[in-house]
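All residue numbers for the sequence shown refer to this note's numbering, where the first residue is 27 and numbers rise by one. The beta carbon of each residue, even a glycine, is placed where N, CA and C say it ideally should be. Below: one structure, written as structure tokens.
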Amino acid sequence: MVMAYIYTMVGEYEAALEEFDLLLSIPSHTSLAWLEADPLLEPMRNHPKYKDLLVKYAD
Numbered sequence: 027m028v029m030a031y032i033y034t035m036v037g038e039y040e041a042a043l044e045e046f047d048l049l050l051s052i053p054s055h056t057s058l059a060w061l062e063a064d065p066l067l068e069p070m071r072n073h074p075k076y077k078d079l080l081v082k083y084a085d
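Shown next as structure tokens:
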């Protein structure tokens, strides 16, 4: 999860979203609710792949 944050902070949203995709696909503390609530992730919320993750992992 640390790498996903670092990628987000330096503007590497594609790499961050790949990390979050992996974290959402395995048992981890990462959840869609957490992604939506975390203010540090605000810069990438309009990215198409972010929206794809929301759809892909929606219950």
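About 7 angstroms separates the CB atoms of Leu43 and Met70; that is less than 8 angstroms, so the two are in contact. Burial of Leu67 is indicated by the presence of at least 16 other C-beta atoms within 10 angstroms of its C-beta.
In this structure, Tyr83 lies near Leu58, with their beta-carbon atoms less than 8 angstroms apart.
Taking 8 angstroms as the cut-off, the beta carbon of Phe46 is found closer than this to the beta carbon of Ala30. In summary, Leu80 is exposed, with fewer than 16 beta-carbon neighbours lying within 10 Å of its beta-carbon over all protein chains present.
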